[in-house]
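Below: one structure, written as structure tokens.
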Amino acid sequence: MADGAKSRTGKALFEGYERLPGTYDEFFGEDGDAHAAVAPVVERLNVLRQADFRRLKRLADDTFLKGGVTFTLYQGNASTERIFPFDLIPRIIPASEWRRVTEGLEQRIRALNHFLADVYGDQRILEEGIIPRHFVEGSKGYRPQLKGVRPPKDLWVHIAGVDLIRDAEGRFVVLEDNLRVPSGVSYVLENRETMKKTYPAIFRDVSVAPVESYPHKVREAMNAVAPGEGGRKRIAVLTPGPYNSAYFEHSYLARRIGCELVQGSDLFVDDKRVYAKTTTGPAPIDAIYRRIDDEFLDPEVFREDSMLGVPGLIGAWAAGNVAILNAVGNGVADDKGIYPFVPDMIRFYLDEEAILQQVETYVCAREDECRYVLDHLDELVVKAVNEAGGYGMLMGPSASKREREKFARLIEADPRNYIAQPRIELSSCPTWTSQGVAPRRVDLRPFIVTGDDTWVLPGGLTRVALRKGSYVVYTSQGGGSKDTWVVE
Numbered sequence: 416m417a418d419g420a421k422s423r424t425g426k427a428l429f430e431g432y433e434r435l436p437g438t439y440d441e442f443f444g445e446d447g448d449a450h451a452a453v454a455p456v457v458e459r460l461n462v463l464r465q466a467d468f469r470r471l472k473r474l475a476d477d478t479f480l481k482g483g484v485t486f487t488l489y490q491g492n493a494s495t496e497r498i499f500p501f502d503l504i505p506r507i508i509p510a511s512e513w514r515r516v517t518e519g520l521e522q523r524i525r526a527l528n529h530f531l532a533d534v535y536g537d538q539r540i541l542e543e544g545i546i547p548r549h550f551v552e553g554s555k556g557y558r559p560q561l562k563g564v565r566p567p568k569d570l571w572v573h574i575a576g577v578d579l580i581r582d583a584e585g586r587f588v589v590l591e592d593n594l595r596v597p598s599g600v601s602y603v604l605e606n607r608e609t610m611k612k613t614y615p616a617i618f619r620d621v622s623v624a625p626v627e628s629y630p631h632k633v634r635e636a637m638n639a640v641a642p643g644e645g646g647r648k649r650i651a652v653l654t655p656g657p658y659n660s661a662y663f664e665h666s667y668l669a670r671r672i673g674c675e676l677v678q679g680s681d682l683f684v685d686d687k688r689v690y691a692k693t694t695t696g697p698a699p700i701d702a703i704y705r706r707i708d709d710e711f712l713d714p715e716v717f718r719e720d721s722m723l724g725v726p727g728l729i730g731a732w733a734a735g736n737v738a739i740l741n742a743v744g745n746g747v748a749d750d751k752g753i754y755p756f757v758p759d760m761i762r763f764y765l766d767e768e769a770i771l772q773q774v775e776t777y778v779c780a781r782e783d784e785c786r787y788v789l790d791h792l793d794e795l796v797v798k799a800v801n802e803a804g805g806y807g808m809l810m811g812p813s814a815s816k817r818e819r820e821k822f823a824r825l826i827e828a829d830p831r832n833y834i835a836q837p838r839i840e841l842s843s844c845p846t847w848t849s850q851g852v853a854p855r856r857v858d859l860r861p862f863i864v865t866g867d868d869t870w871v872l873p874g875g876l877t878r879v880a881l882r883k884g885s886y887v888v889y890t891s892q893g894g895g896s897k898d899t900w901v902v903e
């Protein structure tokens, strides 16, 4: 059914919708009226009947299937390729609010870049005791082999995904930083393309900030940090290969950026220069957007058994002959045990207060905080500091006694590997379910690209907990996504 079509029978899309108690609703206030920025979208969507919406949902799913927009779910030794779960009701953020979020994200990335340059350089923040030295040097993401290395233009963080949530009052706060190989931006771009096909009239009537320039911004950043003066730079996306769960994104980005998609076996290093093997002979590579974790990048420096990386790559990077995005060693900055210190970094390096607040965090490496966590496991969310995707996490308030006892033993055995936070009541957003539209909890991952300057993608990836009552938004744990509209 065409965009804007209206059936004469059946329930309107939002008819009977009820807010989720105790949460900030992204669409509706406590009085039941739509927020000012959302009202024009609600008005246009509500001409649809729920039967119409079911047909549009099937159309969107077919679009994703035919476009190969999938992810791989691993369970034990088995894997399943699935369509990326997508909800057709967008998440709306007013542009006036987004400007403050943008300023906060830019500030945060500046401070984190200073921190990485410092801990692999003079280590002033450790010498002055702002962050305990053992917290940094004991991080699994810290690479002591890189001490003294300076990446091209002293830039460590080129592509970041900073996870945000709204608290019960509707304020955006930072939940965690992703500075190694943040994923999900391909779904942002595909979500927007699908929404435009589904609701073309709304995009004509409502001013939605565009996201389509993201691949161009990444290419600009790669060219900005690629060594050498002027001329056409040869760039590539480095993937572990088609069996990786995010391979769709790797191939998608290479195509949209307009560069080669390579695996480690396609590259070699000679005299500390990186070359691609081509049918016309070796071709020098100036910048690599890597989607491989540090430990697999170079078997001469990290894991000797890695078949995914390129022998000699780190030497070429340290010599300044190739740029690697993101820089190697960034894992120390998105270690969840370092996260509590980011406001201190902002004060130390920028002499500013943090624009964006973050979640209260207990660091189990501190004896008193560890004891508090162990005594209050039924109230807290516990996270392993180097895990992602919802793995290595305990949702204390909903966990069983056996699960809490298991985590207590894990924490006692390795306190440095865990942090804990109060369970924050995530904001909720109207979401399509088999029973119609209902509130589901959401978070947000904006993407920040830095080259000669810093650019924040308007909106980002809204992840949604599709299961009723769930707080877990990760796709690997049953979550989905929404298109995020920044609107004037």
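Going by the working numbering, 772 is the number at position 357 of the sequence shown; the sequence numbering is gapless.
We put the CB at the ideal spot given by N, CA and C, even for glycine.
These figures come from a predicted structure and were not determined experimentally.
Query	Result
Could you check which residue in S598, V516, V887, L740 has the C-alpha nearest to that of F663?	S598
Going by C-alpha distance, which of A475, V800, Y557, R565 is nearest G752?	V800
With DSSP collapsed to three states, give me the class of N528.	helix
In chain order, what residues of the same chain lie with their CB nearer than 6 Å to the CB of I617, ignoring the 5 residues before and after it?	R459
What three-state label does DSSP hand I839 in the structure shown?	coil
Distance, Cα to Cα, T865 vs I580?	23 Å
Measuring CA to CA, which of V716, V677, D720, L435 is closest to Q560?	V716
Given a cut-off of 8 Å on the beta-carbon distance, is the pair I504 and V852 in contact?	yes
In or out: E775 buried (at least 16 other Cβ within 10 Å) or exposed?	exposed
Could you spell out where the beta strand (DSSP E) holding T609 opens and where it closes?	Segment 600-613 is the alpha helix (DSSP H) holding T609; no beta strand (DSSP E) there.
Using the Cα positions of F530 and L594, report the straight-line distance between them to the nearest angstrom.	12 Å
My assumption, with CB atoms under 8 Å, is that V564 sits in contact with V551. Please give the rounded CB distance.	16 Å between Cβ atoms; not a contact.
Starting from L668, trace the alpha helix (DSSP H) in both directions and tell me its first and last residue.	662-672
Kindly indicate the opening and closing residues of the beta strand (DSSP E) around N593.	587-593
Between the alpha carbons of D418 and P455, how many angstroms are there, rounded?	Residue confidence is low: D418 scores 45 on pLDDT, short of 50, so the model does not pin down where it sits. No coordinate-derived value is stated.
Between which two residues does the alpha helix (DSSP H) harbouring F822 extend?	816-828
What does the alpha-carbon distance come out to for the pair V687 and G727?	This sequence places Lys at residue 687; Val is not what is there. Each residue's alpha carbon lies about 7 Å from the other.
Count the other CB atoms, across all protein chains shown, that sit within 10 Å of the CB of A738; report buried if there are 16 or more and exposed otherwise.	buried
Do E640 and P699 have their C-beta atoms within less than 8 Å of each other?	A small correction: the amino acid at residue 640 is Val; Glu does not occupy that position in the sequence shown. Their beta carbons are not under 8 Å apart, which means V640 does not touch P699 by this criterion.
A583 by DSSP, collapsed to three states: which one?	coil
Output yes or no for whether 8 Å exceeds the beta carbon distance between P655 and L723.	yes
Since I believe V796 is in contact with T846 (beta carbons under 8 Å), could you give me their beta-carbon distance rounded to a whole number of angstroms?	T846 to V796, Cβ: 22 Å. No contact.
As a quick exercise: from P758, G643, K612, T609, pick the residue whose alpha carbon is nearest that of Q525.	Going by the sequence as given, residue 525 is Arg instead of Gln. Closest by alpha carbon: P758.
Would DSSP call T877 helix, strand or coil?	strand
Given a cut-off of 8 Å, decide if V747 and Y602 are closer than it, judged by their beta-carbon atoms.	no
Closer than 8 Å by C-beta to R838: which residues in its own chain qualify, once you throw out the five before and the five after it? Chain order, please.	E794, L795, V796, M810, G811, P812, Y886
For H791, count neighbouring C-beta atoms within 10 Å of its own C-beta (all shown protein chains included) and say buried if the count is 16 or more, exposed if not.	exposed
Measure from the alpha carbon of R671 to the alpha carbon of each residue in A651, D685, Y690, D681, then state which is nearest.	A651
Give the secondary structure of T517 by DSSP, where H, G and I count as helix, E and B as strand, and everything else as coil.	helix
Express the C-alpha separation of D467 and D749 in angstroms, rounding to a whole number.	43 Å
Would you mind reading off the limits of the beta strand (DSSP E) that contains V386?	With the chain covering only 416 through 903, there is no way to say anything about residue 386.
Rounded to a whole number of angstroms, what is the C-alpha to C-alpha distance between Y392 and A835?	Only positions 416 to 903 of the chain appear in the structure, and residue 392 is not among them; the question remains open.
Taking only the alpha-carbon atoms, compute the straight-line gap between A420 and R434 and give it to the nearest angstrom.	Confidence at A420 is low in this model, with a pLDDT of 42, below 50, so its placement is unreliable and the value that follows should be read with caution. Roughly 26 Å separates the two Cα atoms.
Report yes if the C-beta distance between V623 and W900 is below 8 Å; otherwise report no.	yes
Answer with buried or exposed for R619, where buried requires no fewer than 16 other C-beta atoms within 10 angstroms of its C-beta.	exposed
Buried or exposed for E605, please, with buried defined as at least 16 other CB atoms from any protein chain shown within 10 angstroms of its CB.	buried
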